[in-house]
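Novice: There's a structure below that I have some questions on.
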Amino acid sequence: MNTAAAEVIQLVGPGKNRQTNGKVSWNMKNNETAVLVGAKQIGEALNVPAKKIYTLLSTNSIPCVFKLGGKIAARRASLEQWLIDLETEAKAAA
């Protein structure tokens, strides 16, 4: 796991999501969308600054981001799975 991804695990930390039966539940509000557009929205979903999202992108540490209308975007479900994978890697390395 690279350093930038490890920092995301530290920044997100416990209590930001709820894990049940091996699946993460983000408790989406009615006004939240499945696709996050822009570093600000992605960062807010991960509870990290937009600048950290750009750092992750520049180091190819966040694989689930794509371009949508000239802006970066990510599916909320893909981010959830990415975090689960990072957590699994971190536990295996410990």
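Taking the numbering used here, the leading residue of the sequence shown gets 193, the next gets one more, and so forth. Ideal Cβ placement from N, Cα and C applies to all residues, glycine included. Quick caveat: nothing in here was measured; it's all calculated off a predicted structure.
Whose CA, out of 264, 284, 260, 274, lies closest to the CA of residue 250?
Specialist: As a working note, residue 250 is residue 58 in the sequence shown. Considering only alpha carbons, the answer is 264.
Novice: Rounded to a whole number of angstroms, what is the C-alpha to C-alpha distance between residue 288 and residue 259?
Specialist: Because the chain is modelled from 193 through 286, residue 288 falls outside the range shown and cannot be assessed.
Novice: If you run the structure through DSSP and keep just helix, strand and coil, what is residue 276?
Specialist: Counted from its first residue, the sequence shown places residue 276 at position 84. Three-state DSSP puts residue 276 in a helix.
Novice: Taking only three categories from DSSP, how would you classify residue 285?
Specialist: Locating residue 285 in the sequence shown gives position 93, where the first residue counts as 1. Helix at residue 285.
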